[in-house]
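Student: Here the sequence shown is numbered in this note's numbering, starting from 7 and rising by one per residue.
Idealized CB from N, CA, C, for every residue including glycine.
All figures in this text were calculated on a predicted structure; none of them were measured in a lab.
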Amino acid sequence: MKSYLIIVQTVCLRCARNCFQCPICQNTLSVVAAQEPTQMSALGPAPGPYFLACNVCRWNSQEINMTFEKPTSLALQLQKNEEALPDAKEFDQLKEHFEKHLRVNSPPSLPTSFLSFSSSTAFSKYMGSQFQHDSQTQQGKLDDISDYEPSAQVPDDDVRLLESMTTLRSVDGVSTLPQRFSQLYDQPYELSKVHPQRIHLAIKRSKRCRNCRHILIKPEQKAQATRFKIKLVAMNYIPTITLLKLPRKNWPLQVGVPTQLVLKFTNPLYEEMNITLATPQIRKKSADDEETEHKIRGKVTILSPHFTVGAYNETIEYDDEMYPTGNRRNNANFAANAYADGVYEKRNNYTSILVEVIPDQAGEFKFPLLVTYNYKSDEDRMDVSSGDIDADEMDDMDVDDSMDGSKKSSLRFDDDKIKSYSFWCLIGLGSAV
7 MKSYLIIVQT VCLRCARNCF QCPICQNTLS VVAAQEPTQM SALGPAPGPY FLACNVCRWN
67 SQEINMTFEK PTSLALQLQK NEEALPDAKE FDQLKEHFEK HLRVNSPPSL PTSFLSFSSS
127 TAFSKYMGSQ FQHDSQTQQG KLDDISDYEP SAQVPDDDVR LLESMTTLRS VDGVSTLPQR
187 FSQLYDQPYE LSKVHPQRIH LAIKRSKRCR NCRHILIKPE QKAQATRFKI KLVAMNYIPT
247 ITLLKLPRKN WPLQVGVPTQ LVLKFTNPLY EEMNITLATP QIRKKSADDE ETEHKIRGKV
307 TILSPHFTVG AYNETIEYDD EMYPTGNRRN NANFAANAYA DGVYEKRNNY TSILVEVIPD
367 QAGEFKFPLL VTYNYKSDED RMDVSSGDID ADEMDDMDVD DSMDGSKKSS LRFDDDKIKS
427 YSFWCLIGLG SAV
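What follows is the structure, given as structure tokens:
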């Protein structure tokens with residue numbers, strides 16, 4: 007373990023293999039041979055030199071004259087170039103100068119056999135004055151630091167940089183701020199001097215619920231794998247809210263003018279969902295106090311505060327493509343009772359309702375919305391069908407095991423068949439004029 011930590015500190019918490027970031031788009035680079043392999047060398051590796059290429063923005067290291075002799079251990083080859091920089095050499099020599107001084111003047115440590123004896127009161131009283139004298143002597147030696155003379159003069163490129171910036175014909179040759187921050191030791195302004203950097207080391211961690219300790223996130227243990235064994239994300243279990251604008255309606259909002267808009271709720275679950283909406287009421291604490299802090303700049307009326315959303319079904323998407331149906335608002339027979347219940351549209355696994363707002367003052371109009379929904383969970387069905395739990399992970403789970411700390415903790419088993427949840431959201435409608 008100690009040797010592993012030393013290796014991690016040596017590579018500065020970056021990948022020590024062939025993982026590099028593109029300096030332009032920050033995507034992972036791949037190693038490509040400059041020459042195509044011939045028939046004679048088809049069985050072996052392609053002949054060098056090699057360079058780094060980005061498959062997204064088509065950048066390659068040949069643009070900055072960076073090539074490699076072999077396709078492996080690219081980090082070590084670049085580290086030699088970094089250590090040859092004048093700044094790196096000067097810093098290493100400065101660190102060595104102070105480390106040598108600290109080693110010479112560091113006080114000697116007591117042997118292990120004297121630790122218990124030195125903690126006694128008699129020993130401290132007898133040797134206290136001697137230790138105080140020695141500490142003063144050591145402090146005097148620490149203050150006597152020899153003068154440091156730099157081994158090399160670090161070149162000042164400010165004048166040359168200013169001249170190169172004034173002669174630029176296009177701003178495309180100037181590096182952006184994120185590109186400069188990725189190369190902190192010199193922060194080049196010229197795009198041709200931005201080099202690919204080694205990817206930072208990352209760790210995969212599991213996430214549990216704070217209350218019930220169920221496993222919410224469990225990534226794959228393999229380093230090259232990017233998928234998750236368990237991924238119970240909240241957005242996969244709450245309705246998705248989309249804001250829509252009615253046709254032939256005044257927009258932006260006008261003060262004192264009623265405006266209707268559409269809130270679309272999409273159900274991601276395989277069970278039917280009952281939704282209840284509410285907005286905070288404006289009330290006064292007393293006659294002298296002001297209104298509550300969360301005051302809405304106008305009036306908000308939810309025409310359908312209680313409604314249902316159908317269950318999600320994959321086959322419905324294919325049916326819509328094969329047999330498209332007309333919109334309910336375009337149906338003349340339904341137009342008379344279209345908005346009687348406040349429901350604008352109800353199809354498949356989504357329901358759209360109408361909301362009327364009347365701003366009473368100019369400015370940005372926002373209102374908080376409390377969404378409470380409940381559904382009847384199917385205890386016999388797991389989340390494997392939705393892709394949240396890996397099938398291999400499900401086979402390893404034992405149904406008879408306890409829920410605490412086991413892999414079964416991520417399954418959707420509950421004593422209560424009806425599950426109810428609530429959350430707040432903030433709806434922004436832009437500025438009222």
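1. Determine the burial state of Y350: buried for a count of at least 16 other Cβ atoms within 10 Å of its Cβ, exposed for fewer.
2. Helix, strand or coil: how does DSSP classify Q59 here?
3. Is the beta carbon of T441 sitting closer than 8 Å to the one on S428?
4. Would you report the Cα separation of F234 and N242, rounded to the nearest angstrom?
5. Classify N87: buried if its beta carbon has 16 or more other beta carbons within 10 angstroms, exposed otherwise.
6. Helix, strand or coil for E75 per DSSP?
7. For E277 versus K382, is the C-beta distance shorter than 8 Å?
8. Looking only at DSSP bridge pairs, what is N273 linked to?
9. Apart from the five residues on each side of it in sequence, which residues of its chain come closer than 7 Å, Cβ to Cβ, to I424?
10. Evaluate V177 with the Cβ neighbour count: other Cβ atoms within 10 Å of its Cβ, from every protein chain shown; 16 or more gives buried, anything less gives exposed.
11. Output the boundary residues of the alpha helix (DSSP H) element that contains K86.
12. Is it buried or exposed, H220, if we count other Cβ atoms within 10 angstroms and call 16 or more buried?
13. Taking just the CA atoms, how far does K101 sit from L249?
14. Buried or exposed for V439, going by 16 or more other Cβ atoms inside 10 Å?
15. Could you give the DSSP three-state label for K235: helix, strand or coil?
16. So, using beta-carbon positions, are E362 and P264 closer together than 8 Å?
17. What do you get for N71, buried or exposed, if any count of 16 or more other CB atoms within 10 angstroms of its CB means buried?
18. For the 8 Å Cβ check, are there 3 or more pairs between the segment 153 to 162 and the segment 171 to 189?
19. Out of curiosity, what's the CA-to-CA distance linking F373 and G434?
20. With distance defined between alpha-carbon atoms, name the residue in C28, L432, I205, A22 nearest to S198.
21. Do C25 and T34 count as a contact pair if the criterion is CB distance below 8 Å?
22. Report the rounded CA-to-CA distance for R204 versus H107, giving the unit in angstroms.
23. Give the DSSP-derived three-state secondary structure of T182 in the structure shown.
24. Please classify R20: does DSSP put it in a helix, a strand, or coil?
25. Exposed or buried, I359, counting other C-beta atoms within 10 Å across all chains shown (16 or more means buried)?
26. Any beta carbon of chain D sitting closer than 8 Å to that of T265?
27. Is the beta carbon of N273 sitting closer than 8 Å to the one on V239?
28. Distance, Cα to Cα, Q230 vs K224?
29. Among N319, S310, P286, which residue has its Cα nearest to the Cα of L275?
30. When the Cα of L19 is compared with those of H206, P194, C60, which residue comes out closest?
31. If L283 and I302 are in contact, beta carbons under 8 Å, what's the gap, nearest whole angstrom?
32. Going by beta carbon distance, what residues of the same chain come within less than 8 Å of D96, once the five residues before and after it are set aside?
33. Taking only three categories from DSSP, how would you classify H206?
34. Which partner residues of Q260 appear in the DSSP bridge assignment?
35. What residues in its chain sit with their C-beta under 6 Å from that of Y154, if we drop five residues either side in the sequence?
36. Taking 6 Å as the limit between beta carbons, can you name the residues of its chain near Q367, skipping five residues before and five after?
Tutor: The answer reads as follows:
1. buried
2. Rather than Gln, the amino acid found at residue 59 in this sequence is Ala. The answer is strand: DSSP assigns A59 an E or B state.
3. Only positions 7 to 439 of the chain appear in this structure, which leaves residue 441 out of reach.
4. 15 Å
5. exposed
6. coil
7. Cβ distance < 8 Å, so E277 and K382 count as in contact.
8. Answer is none; N273 lacks a bridge partner.
9. N380, K382
10. exposed
11. Counting along the chain, the unbroken alpha helix (DSSP H) around K86 starts and ends at 80 to 89.
12. buried
13. Near 60 Å, if we compare the C-alpha coordinates of K101 and L249.
14. exposed
15. If DSSP states are grouped into helix, strand and coil, K235 belongs with the strands.
16. yes
17. Counting Cβ neighbours within 10 Å, N71 comes out exposed, since fewer than 16 surround it.
18. no
19. Whole-angstrom Cα-Cα distance: 7 Å.
20. C28
21. yes
22. 34 Å
23. coil
24. R20 sits in a strand when the DSSP states are folded into three classes.
25. buried
26. The chain inventory of the structure shown lacks chain D, comprising one protein chain alone.
27. Result no, Cβ atoms of N273 and V239 do not sit closer than 8 Å.
28. 15 Å
29. When only C-alpha atoms are compared, the closest one is N319.
30. Nearest option by C-alpha distance: H206.
31. 14 Å between Cβ atoms; not a contact.
32. The residue asked about is misnamed: residue 96 is Glu in this sequence, not Asp. Excluding its 5 nearest sequence neighbours in each direction, E96 has C-beta neighbours in its own chain below 8 Å: P156, S157, A158, V160, listed in chain order.
33. strand
34. For Q260, which the question treats as bridged, DSSP gives no partner whatsoever.
35. H103
36. R303
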